[in-house]
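Take a look at the structure below.
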Amino acid sequence: MNLVKNKSNVITYTVNKAINNRCYISVQNGEVVVKAPWYFSQTEIQNLVEEKRKWIMEKLKEYEILQNAPKTILKILGNEYLVKIEYKSGATPALDLKNGFAIITIPNKYKKNTKEVMQLVINKMYTMLAEKEIERAMEKTRIMLGIAPEDYEIKTMVNTLGKCENGKITIHPEIVTYSREMIDYIILHEFCHLKYKTHSKKFYEMIQKYMPNYEQYGKEINNLKY
Numbered sequence: 023m024n025l026v027k028n029k030s031n032v033i034t035y036t037v038n039k040a041i042n043n044r045c046y047i048s049v050q051n052g053e054v055v056v057k058a059p060w061y062f063s064q065t066e067i068q069n070l071v072e073e074k075r076k077w078i079m080e081k082l083k084e085y086e087i088l089q090n091a092p093k094t095i096l097k098i099l100g101n102e103y104l105v106k107i108e109y110k111s112g113a114t115p116a117l118d119l120k121n122g123f124a125i126i127t128i129p130n131k132y133k134k135n136t137k138e139v140m141q142l143v144i145n146k147m148y149t150m151l152a153e154k155e156i157e158r159a160m161e162k163t164r165i166m167l168g169i170a171p172e173d174y175e176i177k178t179m180v181n182t183l184g185k186c187e188n189g190k191i192t193i194h195p196e197i198v199t200y201s202r203e204m205i206d207y208i209i210l211h212e213f214c215h216l217k218y219k220t221h222s223k224k225f226y227e228m229i230q231k232y233m234p235n236y237e238q239y240g241k242e243i244n245n246l247k248y
């Protein structure tokens, strides 16, 4: 471990020497690493770090801000993912699920708008996933029941994940925060409203016919209006 310090800041860094002629500095996860040719002296390396001091301190500050920021958790198909932000030059905004993390890639040029870009990426992901999962569940239920709505749409609503009116089914995109089993239940619930408009005994008998354990899913969302 090596140190470079001045009156205001101390930079701690690790040196990795290799058989090449390139020398560069990287800052990842709050760690400064200098990769240098084997023949570089300690003084030359220290001078390089000092030369790049401003850039290094900016990177370390960015990491500190991210570490101290409130943790954002995404719920996707019943699982929870901790949001992790990665900045890359020349990249396009993207989201990737990996090892329990929702890794959001943000181009360097959007650093000052991280919160806004992150929300746009999350919203786009939810919309795309909702389209895929709702279509899957709708087709499955259509085949199972032998009936289908005249139309359906994905739309943000207040206090409800789904509704059926005049032969049309509307589903909230945040349905994808729940498990696939829950999604199947919600879609089945709305399909049964195509035949029974109210929550009558026959309505629940129809649900139970196709999903005997439906009550466990109903209890999970009993605070929502259907």
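Counting in our numbering, the sequence shown runs from 23 upward without gaps. C-beta: ideal position from N, C-alpha, C; glycine also. Because the structure is a prediction, the values reported are computed rather than measured.
Residue burial annotation: Thr220 is exposed, with fewer than 16 other C-beta atoms found within 10 angstroms of its C-beta. Looking at the backbone, the Cα of Lys190 and that of Met160 are separated by about 12 angstroms.
Of the residues assessed, Thr163 falls on the buried side of the cut-off, its CB having 16 or more other CB atoms within 10 angstroms. If you draw a straight line from the Cα of Thr36 to the Cα of Tyr109, it is about 22 angstroms long. With respect to the 7 angstroms criterion, Phe225 and Leu167 are not classified as neighbours on the basis of their beta carbons.
Annotation note: the stretch 125 to 188 contains the following uninterrupted alpha helix (DSSP H) runs of length 4 or greater, listed N- to C-terminal: 136 to 167.
Approximately 6 angstroms separates the beta-carbon atoms of Pro59 and Asn43; this is inside 8 angstroms, confirming the contact. If you draw a straight line from the Cα of Met179 to the Cα of His194, it is about 6 angstroms long. If you draw a straight line from the Cα of Asn235 to the Cα of Leu210, it comes to about 12 angstroms. Taking all protein chains shown into account, Ala40 has fewer than 16 neighbouring C-beta atoms within 10 Å of its C-beta and is therefore exposed.
Around the beta carbon of Thr192, 16 or more other beta carbons lie within 10 angstroms, which makes this residue buried. Measuring C-alpha to C-alpha distances from Asn130 to each of Ala116, Ala124, Gly122 identifies Ala116 as the nearest. With 16 or more other Cβ atoms from the protein chains shown falling within 10 Å of its own Cβ, Thr199 counts as buried. Counting the other CB atoms within 10 Å of its CB gives Asp173 a total below 16, which places it among the exposed residues. Contact check for Val49 and Lys76: beta-carbon distance about 12 angstroms, past the 8 angstroms limit, so the pair fails to qualify. Taking a 10 Å sphere around the C-beta of Asp206, we find 16 or more other C-beta atoms and assign the residue as buried.
Around the C-beta of Leu104, fewer than 16 other C-beta atoms lie within 10 Å, and the residue is accordingly described as exposed. For Leu70, the secondary structure class from DSSP, reduced to helix, strand or coil, is helix.
Val143 sits buried, since 16 or more C-beta atoms from the chains shown fall within 10 Å of its C-beta.
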